[in-house]
Amino acid sequence: MGLKEYIAKRIVYSIILIFAVLTVNFLIFAMMPGDPLRQYMARVELATTQEQYQMLREQLGLDKPLHQKYVEYLGRMLTWNFGKGMIGGGVDVTSQIMQRLPNTLILMGTSAVLSIIAGVLIGALVATKRGSWFDTTMVTGSLLTYSVPIFFIGWLMIFFFAVQLKWFPIGGVEPRIWGRNPPTSLIEFLAGRISCLVLPTITLFLFSVGGWILLSRACILETITEDYVVTAKAKGLRERTILYKHILKNASLPLITNVAMTFGFLISGAIITETLFTYNGMGLLIWDAMRGGPAPDLPTLQAIFYIISLCVIVANFIADLLYGIIDPRIKYR
Amino acid sequence: MATRKARMRFAIKRFKGFWNQFKKSKRGITGLSIITFFVVLAIFAPLIAPYAPMDPKKDEDKYPVQTTPPRIAEKLCAPTWYKYLPWIPRGLTQVEELFWTDIIELGDASFLKFGRLEVTDIETLTSKETFDKYRGNVTSSYIELSKAAAGTPHLQLIFPNGTIKDVEVPEEWWTSKSPAVLGGEVGSPAYVSMRSFVYDLREKFGEDLTYIAFKVNYNYSRDLTENMELVPDFQFSSNQTFNEEWDWTTLTGSARLRYNSLEGVDKDGCIEITYSPKAGENESKVVLKKQFKYPYYEPPLSFWGHISLRVQGGPVSLVVTVQKEGEESITILKLRQSEQETYFHKVISSFADEVKQVSGSLSPEKAILPSPGDYIFAIEVVFNGEDDTTVYLDDVNLLLYGNTFGLLGTDNAAGSSYPRDIFSTLVYGTRVSLIVGILSALFGTLIGLFLGLVSGYVGGIVDEIIMRVADLFLVLPTLPLFIILVVALKLVYGIVSMWNIILVLTLFGWMGFARSVRSMVLSLRERPFVEAAKAAGAGRFYIINRHILPNVFALVYITLATSVPGAIITEASLSWLGLGDPRIPSWGKLLYDFQTSGIAVTKGLTEYWFWMFPACIAIALLAMAFILIGYALDEILNPRLRMRR
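This is how it looks when you write it as structure tokens:
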């Protein structure tokens, strides 16, 4: 089987997965109890007469049979026409998402990149010194950050760096004192934005770095005992050459899948971190859509759900391709 | 029989071997001891926790059933051990506050405004530039202190050139209501209007008045108070305590007071006051008194009193007062009661309007106990008329609620009128975390094991379906999905129950394990011992049960241990987001209550850290214990990770 066939197979597989996700997404929301129109009206504080209500129902196609609704839903999702959400009295969902997506991408991207780099490097270092006190402390430390709930880390960050030391603001995307008129100078603007980013980024970093350390350590330990490493040692290669050329390259395979998954989940954001720091991103959007009113904002949630799943599928697809390219042992099954 | 015995012996031997290895793992032992600790806590929670975790009531069974029992403590109390912390201020504390003033001309009228200066160093105020820099927002048109002053404040003027001059302010200027505490409502900040004074100053100094600061020095009292119970033996159940602790006087000889051990609400003793007027007499009075010491500079947060009485004969008036020695007494209850068959039960709450009215203060607790000293709690029974009258008094008590309580203080009583003891909630919360964590990990692992075995051993279309469903589940974003599912279940059932959360966690906790079991089964299936068994005519079920399962089981233990923490943390996170069971005390609920208490984050984290940090630490500890055990098991049971010796 050649590379082309492999790619074609993955594409077909991914498309099937997308449809499966779309169906699940449809079914979850279709099975949600309650009348979505009533909830919507309660949420946007819209009062109607019975006739107007019936007219709206027909207009929105809520009385149609399920399969017809499903087809229409597929059409809307595939053309990225998500309609109007309930947040802010019926603002376009796409614009809502577009407004908040950059914030989340910056926050999650920075923390993901930092924690992956730091985690893999520390993991490699620790694996080569297996059994030393450094190894023991790093592993225990990683297990610790691994088991601490993220809001605890966030609260500690706020407590020490925002309340006690007052180095960074408590929350928000930009400093509160800006109000409606942000500073005109670029440096001041960037400094303000970055100062708001620091605490949530560190929180997410601390939360995820432990996992990366443990993962890369485990991967490297697995390859370190392979025969080709022993051979390389017997050949008299330098330790560092063995680490970078032989071990890291082979150990990176499982890491790649995880990196891809991380980036896939990037835009789902960190609901808890963003809620904690009132950081106006996708996580807070999910939260607002879920709880910010008398009823959940279904159109927004459905759209976010679809987009997140799409990203994960695409990231998985890319990971599979990379896997195939990097690892010659995989014969594109 | 022999084989079973042999098998047992073998199992014990194997376990001993495993245990010997496990003992050597420090992480494993640490994890195991932490889990043991929490399990003990969960099982013996009723014995360890001093109060009920939800809606705790004080002495519920001791008060008559008609009375709503009192709370155990006030809302948002600090831990009792705060009194051992030397840096927590108490007693009289000196405060220094600086104010600026300005006069705004608008047409013909001129307005005066004052604002507080957030400066601690007076030196910085001597230049106009720095003064301008520090000038804050206008607060009001008078100098308003930020705390209630004890004693007369001392006012000084600071001039732009650095000279400081004392200013005599007439006592009346500090709007005064009580001799002990100055300013406005008793116990609230004092303020002084300096209108005429400032205009007077301007005549002298001209426009430079803008750069004059007012400095006010004053004392305010601050203390850590504990709950006090005036009549711990409030049922008057023994003659002796009554005689020792209470004093009584009668106005005329026709009224008498005695202890009656046969009467009372539960017929277990009460105070009996009889009035048998002589001819022509139509008034008498009995005063019951109890002396007590109030040791704190800070008034209590609130009080709750109780009295039960029954009247036989003519009507009586009852007055309950509290008096500081050497000062006027303050009434907290006035009652007129005529004859009745059964006992009348009366609650005296500092929040009740009638108590506020009768005491003449909006915060009666501050009015009756303004400062430390000797106090007298008195009940006056006034008789009128010429009928023979008997009054039975029972269940008399007065609870003073302080601002410290228990090991970890109290919460804000969200969704209830009874503040909860945080330590008790913490102890009981162990149960939820353990149950949810272990059960959902167990169910998830078992489902994963089953599906992995089926998928790996049966293969074909079944394998394909199971693995594709697993792929699909892995693609869905976990936490948002959990939130949506829990909300959907909440919409269906009206409330989130613990079992809903276990269900959701189980539903999405099997995929990873099913995958690893499948790959393991795939490789085991090709091993010679399975082929040998097949050749010998063993059935599918036999092979899975006897040859494949035992080889997979090491992985089951490891997965079990490592998936518990995820479940615990997810449960806590969902509760933190408000998607927990509101009827059960859990760590997540504790955190949610803190999160939604309306206390600003800055204040909450500094002043109420004992509210949520212990719960956070408990979650982290429990999760870590399982991870440590999983890690230790992994090192022992996973042959690839075994140390090479």
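Chains as they are written, first to last, in my numbering: chain A, 35 to 367; chain B, 50 to 694.
Even glycine gets a Cβ: it sits at the ideal position worked out from N, Cα and C.
- Annotation for A:His280: no beta strand (DSSP E) segment contains it, and DSSP assigns it neither H nor E.
- As the crow flies, the alpha-carbon of B:Phe93 is around 15 angstroms from that of B:Ser482.
- For a Cβ distance threshold of 7 angstroms, nothing in chain B lies close to A:Met172: the least Cβ distance comes to about 13 angstroms.
- When C-beta atoms of the stretch 576-594 of chain B are compared with those of the stretch 525-536 of chain B, fewer than three pairs fall below 8 angstroms, so the two segments do not count as touching.
- Between B:Thr274 and B:Asn452, the beta carbon gap of about 5 angstroms places them in contact (Cβ cut-off 8 angstroms).
- Contact check for B:Leu686 against B:Ala603 passes: the beta carbons are separated by less than 8 angstroms.
- Counting along the chain, B:Tyr542 sits inside the alpha helix (DSSP H) bounded by residues 527-542.
- Distance from the CA atom of B:Phe659 to the CA atom of B:Pro128, rounded to whole angstroms, is 8 angstroms.
- When 8 angstroms is used as the limit between beta carbons, B:Trp625 is near these residues of chain A: Pro183, Phe185, Ile306, in chain order.
- For A:Met191, the number of other beta carbons within 10 angstroms of its own is at least 16, and it is reported as buried.
- Assignment of B:Ala199 by DSSP, reduced to helix, strand and coil, places it in the strand class.
- For the pair A:Gly244 and A:Ser176, the CB atoms are nearer than the 8 angstroms cut-off.
- Residues Ile137, Leu273, Thr453 of the same chain have their beta carbon placed closer than 7 angstroms to that of B:Tyr131, with the five preceding and five following residues left out of the count.
- Against chain B, the beta carbon of A:Ser145 has no neighbour under 9 angstroms; the closest one sits roughly 16 angstroms away.
- For B:Trp149, the enclosing beta strand (DSSP E) begins and ends at 140-155.
- The beta carbon of A:Leu335 falls within 8 angstroms of a beta carbon belonging to chain B, placing the residue at that interface.
- Using a CB distance cut-off of 8 angstroms, A:Tyr107 does not count as an interface residue toward chain B.
- Contact residues of the stretch 521-547 of chain B toward chain A are Leu521, Val524, Leu525, Pro526, Leu528, Pro529, Ile532, Ile533, Val536, Ala537, Leu540, Val541 (C-beta to C-beta distance below 7 angstroms).
- Boundaries of the alpha helix (DSSP H) harbouring B:Tyr506: 471-507, taken from the DSSP string.
- Assigned with DSSP and collapsed to three states, B:Ser410 falls in coil, not helix or strand.
- Across the structure, A:Val125 and B:Ser546 are spaced so that their CA atoms are roughly 34 angstroms apart.
- If you check each beta-carbon in the stretch 338-358 of chain A against every beta-carbon of chain B, the ones closer than 8 angstroms belong to Ile338, Phe339, Ile342, Ser343, Val346, Ile347, Asn350.
- Within the same chain, Cβ atoms closer than 6 angstroms to the Cβ of B:Thr301 are found at Ser333, the five residues on either side in sequence being excluded.
- Residue state for B:Arg56 is assigned as helix, using DSSP reduced to three classes.
- Taking a contact as a CB-CB distance under 8 angstroms, the pair B:Ser635 and B:Gly629 counts as one, their CB atoms being some 6 angstroms apart.
- At a cut-off of 8 angstroms between beta carbons, A:Ile156 makes no contact with chain B.
- Here the stretch 194-213 of chain A lies against the stretch 232-248 of chain A, with 3 or more beta-carbon pairs under 8 angstroms apart.
- For A:Ala54, the closest Cβ of chain B is nearer than 8 angstroms.
- B:Thr555 is not a Cβ neighbour of B:Ser473, given a cutoff of 8 angstroms.
- About 5 angstroms separates the Cβ atoms of B:Thr608 and B:Thr494, confirming a contact at the 8 angstroms cut-off.
- Residues of the same chain with a CB within less than 6 angstroms of the CB of B:Ala674, apart from the 5 flanking positions on each side, are Gly80, Ile83, Ile84 in chain order.
- Within the same chain, Cβ atoms closer than 7 angstroms to the Cβ of B:Ile633 are found at Val481, Met547, the five residues on either side in sequence being excluded.
- Not one beta carbon of chain B lies nearer than 8 angstroms to the beta carbon of A:Met142.
- Considered as a whole, the stretch 350-430 of chain B harbours 351-361, 365-373, 378-386, 393-398 as its complete beta strand (DSSP E) runs of no fewer than 3 residues, in chain order.
- Pairing B:Phe148 with B:Ile97 gives a Cβ-Cβ distance that is not under 8 angstroms.
- Assignment of beta-bridge partners to B:Cys319 by DSSP yields B:Asn309.
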